[in-house]
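Working notes, structure below.
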Amino acid sequence: GAVVSQHPSRVICKSGTSVKIECRSLDFQATTMFWYRQFPKQSLMLMATSNEGSKATYEQGVEKDKFLINHASLTLSTLTVTSAHPEDSSFYICSARNPVGGANQPQHFGDGTRLSIL
Amino acid sequence: AQKVTQAQTEISVVEKEDVTLDCVYETRDTTYYLFWYKQPPSGELVFLIRRNSFDEQNEISGRYSWNFQKSTSSFNFTITASQVVDSAVYFCALRMGSSNTGKLIFGQGTTLQVKP
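Chains F and Z, in that order, are what the protein sequence lines are. Each residue of the first sequence is one higher than the one before, starting from 1 at the first, in this note's numbering. Each residue of the second sequence is one higher than the one before, starting from 1 at the first, in this note's numbering.
Put into C-alpha cells, the structure is as follows:
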C-alpha cells in the first residue's frame, strides 16, 4: 500500500486563491520531505527540501514567498501556493524516504496534486 | 556535476516484445544510488528498482531486469515480454552518497508505449 499520502489530488480554483497541499508519511517518520513540480511531458523539477523543525531549502529560481513550506511534524509537510495564478497550474508531487534501513532506501512519492488555476 | 541522461524520449513496441530503457549518469561521488521509477498516466511515481554503486551484480525480478555498468556509467532497465500495462513514463534517478538529504536527480524520462 501507499507509504506517502498526498492530498488533495486535484484542485481547481480562481486566480488569487491560496492553495494548501498536504504530504504525509504513513508508517515512518520523515525528517526530510521533498516537493517537486512537473509540467506536461517533462521531468520532475525539485522545488524545495522540507526539513522538520527548520526552514525549507529552496532550489534556485523558486520563490520562497510564493511557495510556502511547513514541516511541523515528522509525518507532515505542507506546501502552500500563495495567491495562485494560471502560470502556477501544474502537477505537484511530494516524496519522503524512510531513514530506517540504510542510505539506499528509495524515496516514496505521493500520488500528486493536479493544480488548475482559472 | 551530477546528471542523469535518458536519451530515448519515446519508445513504441508491440506487446510481448522486450524493451530496454537506457540511462547514463554522471557523478564524482564514489558512493551513489540509482533508481528506476514508473509514472503511469494516473501520475503517481512507482518505485521499481534500485542499485548501489558498490554492487554491480545484475539481477532479474520477474519481467524486469537491469544492467549496471560502472565502466560506462550506465544503468539500463529491461522489460521482458512487454504488456500494455507497462505503458508509462519511466524515470531513472541518481542519489549521491554525499547527499545527507537524499535528494534525487532525475533524467528526462522515457515514454514507453506498448501496443496490443
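Virtual Cβ for every residue (Gly too), placed ideally from N, Cα, C.
- Y90 (chain Z) sits away from T78 (chain Z), with the two beta carbons spaced by 9 Å or more.
- Between M47 (chain F) and F67 (chain F), the C-beta gap is smaller than 9 Å, which places the two residues in contact.
- As computed with DSSP, V81 (chain F) is found in a beta bridge with F:V19, F:F67.
- For S116 (chain F), the uninterrupted beta strand (DSSP E) segment begins and ends at 113–117.
- Close to L104 (chain Z), with beta-carbon spacing below 7 Å, are these residues of chain F in chain order: Q107.
- Under a 10 Å Cβ-count criterion, F54 (chain Z) is classified as exposed, with fewer than 16 other Cβ atoms of the shown protein chains found around its own Cβ.
- Closest option to L115 (chain F), judged by alpha-carbon separation, among F:V4, F:S9, F:S5: F:S9.
- Residues of chain Z whose Cβ lies closer than 8 Å to the Cβ of F67 (chain F) do not exist; the shortest such Cβ separation is about 17 Å.
- T32 (chain F) belongs to the set of residues whose beta carbon lies under 9 Å from a beta carbon in chain Z.
- Taking 9 Å as the threshold, the shortest C-beta distance from Q108 (chain Z) to chain F falls below it.
- Inter-residue distance for R28 (chain Z) and F35 (chain Z) is about 17 Å (C-alpha atoms, whole angstroms).
- Scanning chain F for C-beta atoms nearer than 8 Å to the C-beta of G62 (chain Z) yields nothing, as the closest lies near 18 Å away.
- Cβ proximity to chain Z below 8 Å picks out F91, I93, S95 from the segment 77–95 of chain F.
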